[in-house]
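S.K.: If you read the sequence shown in this note's numbering, its first letter stands for residue 965, the second for the next number, and so on. C-beta: ideal position from N, C-alpha, C; glycine also. So that we are looking at the same thing, I have put the structure below in structure tokens.
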Amino acid sequence: MATKRPTASPYRCTECGWTTLKWVGRCGECQQWGTVVESTESAGIAPRRVTAIAPAVGRSARPITMIDTTSTPRRTSGIAEFDRVLGGGVVPGAAILLSGEPGVGKSTLLLEVAAQSARAGRRVLYASGEESAAQVRLRAERTGALHDELFLANETDLATILGHVDEVEPDLLIVDSVQTVSSSLSDGLAGHPSQVREVAATLIRVAKERALPIVFVGHVTKDGSIAGPRILEHLVDVVCHFEGDRQTSLRFLRTLKNRFGPTDEVGCFDMTGAGIEEVPDPSRLFLGSGRPVAGTCITIALEGRRALPVEVQALTVPASGPNPRRVVSGVDSPRVAMIIALLEKRAHVDVSKDDVYVSTVGGVRLVEPGADLAIAIAIATAKSERAVRHDVAAIGELSLSGEIRPVTQAAQRRHEASRLGYKTVIDERTSSIGSALQLVKATAMAPAAEGDIPEF
Ligand SMILES: Nc1ncnc2c1ncn2[C@@H]1O[C@H](COP(=O)(O)OP(=O)(O)OP(=O)(O)O)[C@@H](O)[C@H]1O
Ligand SMILES: [Mg+2]
């Protein structure tokens, strides 16, 4: 006698025959509501069969010149720095992935984007799988992001989020985070690669169908890459990374991929207790007091396509032990070691018996070789205890022969230097580190710092 096989998928859609292990309110296949019932109740439905694919023409292919783009103008998010990073605004139907370290401020930034959009008359649905609606509301109260057009849903089930989208009909959907949402169509727990793929693919399909822009928050792994399947980055149109040092309030938003604009734009933000604020002109953020102090030198660095003045500071003191210390912050340690060797060999600045400390102002990281010359001048003037004139900036990479090499986007950097009042820019036109130091020495002054030190 044949025994009855246990049903593999106990729930079945009465409309299309789709099966699922878990009961859901909406069919994952035909998207009908309330049609999923226990399998025994729908036993009469024939299982779906995979048939050979026959050619079919739905919408016919059209010449590219006939494609209408007027229906997809970019919309401003209300935050100019966010728009700048996206390439000039939010494209309807765009899928944007925002990644960043835990606690960097992803939810705060997106809540601000949501509030600004709501203020501009666009309805926003913020689906939070990580925090309760009350938690998000508390943040909104703190950052001034309360608005009637901003809808919150504390939800982790994909079908339910889609139900909210149907009900609310938002102009912007925010999913915080994609790793917390799960679909009954896929196996595994939320965050599992197959789940993340399924959730993202379904939401992106909905985004394209409805011309609804979606922003997903994506977790990062320990090494800083986006958690989950690599395909997630391929699926979305834009990948942004939100980053910043925990010790400072400065945050940068960068694009790693953008189907609608360049990827070298950087947005600057300030995280405060009252939320996130744009920093449209970060020119003066990375500068010190401006008084002449021995051992400081300004360079013009590039952050994305932005040229920014950054102050490099150095301190040299006689070493207390047999091995002098080289301590750096915000600059590359091997690069500083090379510059110290160069100074000794090519410019007769000997710090071999000194402890050398080098740092940048404002916690900015100077990783490009264009900062070499400023680092060298800062160390040399720290040793000579003479201050570089306040209107001098130095831009250049140093070669091992002591020559100053040109940097990328030199014209833009010089333009920014002159805009900010730096009258003398020392760069590759001054051929070597030796002649650059001669130039600095000719105009250097005694630092004003000594007289300011209070007596204890
Ligand atoms: N009451 C508060 N006052 C001031 N700053 C706060 C307050 N609460 C949170 N913050 C700041 O907001 C940051 C957290 O921001 P947010 O929750 O947006 O980060 P997140 O990137 O979304 O983090 P997660 O990865 O945990 O979701 C904290 O690190 C803290 O600096
Ligand atoms: Mg968050």
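1. Is any non-hydrogen atom of ligand 2 found closer than 6 Å to the C-beta of Ser1323, if you look at the structure I gave you?
2. Am I right that Ser1148 and Gly992 are in contact with their C-beta atoms under 8 Å? What's the rounded C-beta distance?
3. Which residue spans inside the region 1162-1215 form an unbroken beta strand (DSSP E) run of at least 3?
4. If you check the beta carbons only, do Ala1091 and Glu1119 fall under 7 Å apart?
5. Under 5 Å, CB to any heavy atom of ligand 1. Which residues pass, going along the chain?
6. Let me know the secondary structure DSSP gives Ala1109 once reduced to three states.
7. Does Gly1294 pass the burial test, meaning 16 or more other C-beta atoms within 10 Å, or should it be called exposed?
8. Using only CA atoms, which one of Trp982, Thr1144, Val1320, Ala1175 lies nearest to His1183?
9. So is Asn1222 buried or exposed if we call it buried at 16+ other beta carbons inside 10 Å?
10. Quick one: Cα of Gln995 to Cα of Ala1025, how far?
11. If we require 3 or more residues per run, which beta strand (DSSP E) segments fall completely within the region 1067-1130?
12. Counting only the same chain and skipping the five closest in sequence on each side, list residues whose C-beta sits under 7 Å from that of Pro1394.
13. According to DSSP, which residues form a beta bridge with Phe1046?
14. Let me check understanding here. Comparing Cα to Cα, which of Glu1113, Lys1070, Gly1052, Leu1061 lies closest to Glu1241?
15. For Lys1317, count the other beta carbons within 10 Å of its own beta carbon; 16 or more makes it buried, fewer makes it exposed. Which is it?
16. Please report the straight-line C-alpha distance between Leu1330 and Tyr975, rounded to a whole angstrom.
17. Which ranges would you report for the alpha helix (DSSP H) in the region 1357-1383 if only whole runs of at least 4 residues count?
18. Classify Ile1304: buried if its beta carbon has 16 or more other beta carbons within 10 angstroms, exposed otherwise.
19. On a CA-only basis, which of Glu1105, Ser1150, His1111, Ala1097 is nearest Leu1122? Give me that one, please.
20. Just to confirm before moving on: does the CB-CB distance between Gln1080 and Gly1053 stay below 7 Å?
21. What number of angstroms, rounded off, separates the C-alpha of Thr1029 from the C-alpha of Arg1101?
22. Extract the residue ranges of the beta strand (DSSP E) inside the region 1236-1265, only unbroken runs of 3 or more that lie entirely within it.
23. Could you give the residue range of the alpha helix (DSSP H) that holds Gly1398?
24. Should Lys1347 go down as buried or exposed, given a rule of 16 or more other Cβ atoms within 10 Å for buried?
25. Of the choices Leu1073, Thr1324, Gly989, whose alpha-carbon is the least far from that of Ala1342?
26. Which two residues bound the contiguous beta strand (DSSP E) that contains Ser1003?
27. With a CB to CB cut of under 8 Å and the five nearest residues on each side skipped, what residues in its chain are close to Ala1171?
28. For Leu1153, count neighbouring Cβ atoms within 10 angstroms of its own Cβ and tell me buried if that reaches 16, exposed if not.
29. Starting from the C-beta of Thr967, find all residues in its chain whose C-beta is less than 6 Å away, skip the five residues before and the five after it, and write them out in chain order.
M.R.: Let me lay it out:
1. What you label residue 1323 is simply residue 359 of the sequence shown in a count that begins at 1. Every heavy atom of ligand 2 is 6 Å or more from the Cβ of Ser1323, so no.
2. Translated into the one-based positions of the sequence shown, residue 1148 becomes position 184. Translated into the one-based positions of the sequence shown, residue 992 becomes position 28. Indeed they touch by this definition, with Cβ atoms about 6 Å apart.
3. 1178-1182, 1202-1207
4. Position 127 of the sequence shown, counted from the first residue, corresponds to residue 1091. Position 155 of the sequence shown, counted from the first residue, corresponds to residue 1119. Yes. Within cutoff.
5. Pro1066, Gly1067, Val1068, Gly1069, Lys1070, Ser1071, Thr1072, Gly1237
6. Your numbering for residue 1109 matches position 145 in the sequence shown. It is coil, neither helix nor strand.
7. Here residue 1294 refers to the residue found at position 330 when the sequence shown is read from its first residue. Buried.
8. Counted from its first residue, the sequence shown places residue 1183 at position 219. With distances taken between Cα atoms, His1183 lies closest to Thr1144.
9. Numbered from its first residue, the sequence shown carries residue 1222 at position 258. Result: buried.
10. The residue given as residue 995 occupies position 31 in the sequence shown. The residue given as residue 1025 occupies position 61 in the sequence shown. Going by the C-alpha atoms only, they are around 27 Å apart.
11. Taking 3 residues as the minimum length, the beta strand (DSSP E) runs contained wholly in the region 1067-1130 are 1088-1092, 1114-1117, in order along the chain.
12. As a working mapping, residue 1394 is identified with position 430 in the sequence shown. Correcting the residue identity first, residue 1394 is Thr in this sequence and not Pro. Once the five neighbours on either side are set aside, the close Cβ partners of Thr1394 are Ile1368, Ala1400, Leu1403.
13. Within the sequence shown, the letter at position 82 stands for residue 1046. The partner list for Phe1046 (beta bridge, DSSP) is empty, contrary to what the question assumes.
14. Translated into positions along the sequence shown, residue 1241 becomes position 277. When each option's Cα is compared against that of Glu1241, the closest is Lys1070.
15. By 1-based counting over the sequence shown, the position of residue 1317 is 353. Under a 10 Å Cβ-count criterion, Lys1317 is classified as exposed, with fewer than 16 other Cβ atoms of the shown protein chains found around its own Cβ.
16. Here residue 1330 refers to the residue found at position 366 when the sequence shown is read from its first residue. Here residue 975 refers to the residue found at position 11 when the sequence shown is read from its first residue. Rounded to the nearest angstrom, the gap between the Cα atoms of Leu1330 and Tyr975 is 58 Å.
17. 1374-1383
18. Stepping through the sequence shown from its first residue, residue 1304 is reached at position 340. It counts as buried.
19. To locate residue 1122, count along the sequence shown from 1; it is residue 158. Among Glu1105, Ser1150, His1111, Ala1097, the Cα nearest to that of Leu1122 is on Ser1150.
20. Position 116 of the sequence shown, counted from the start, is the residue given in the question as residue 1080. Position 89 of the sequence shown, counted from the start, is the residue given in the question as residue 1053. Not a contact, by the Cβ cut-off of 7 Å.
21. In the sequence shown, residue 1029 corresponds to position 65, counting from 1. In the sequence shown, residue 1101 corresponds to position 137, counting from 1. Those two C-alpha atoms are separated by around 47 Å.
22. 1239-1242
23. Your numbering for residue 1398 matches position 434 in the sequence shown. Secondary structure note for Gly1398: its alpha helix (DSSP H) is the uninterrupted segment 1397-1407.
24. Taking the sequence shown and counting its residues from 1, the one referred to as residue 1347 is at position 383. The Cβ neighbour count for Lys1347, taken over all protein chains shown within 10 Å, is at least 16; the residue is labelled buried.
25. The residue labelled residue 1342 in the question sits at position 378 within the sequence shown. For Ala1342, the nearest C-alpha among the options comes from Thr1324.
26. For the purposes of this step, residue 1003 is taken as the residue at position 39 of the sequence shown. From DSSP, Ser1003 is part of no beta strand (DSSP E); its letter is neither H nor E.
27. Reading the sequence shown from its first residue, position 207 is the one you call residue 1171. Cβ within range, chain order: Gly1057, Ala1058, Ala1059, Leu1137, Pro1177, Ile1178.
28. As a first step, residue 1153 is located in the sequence shown; it is residue number 189 there, counting from the start. Exposed is the call here.
29. Counting from 1 along the sequence shown, the entry for residue 967 is found at position 3. Its pLDDT being 43, under 50, Thr967 is placed unreliably by the model, and nothing is read from it.
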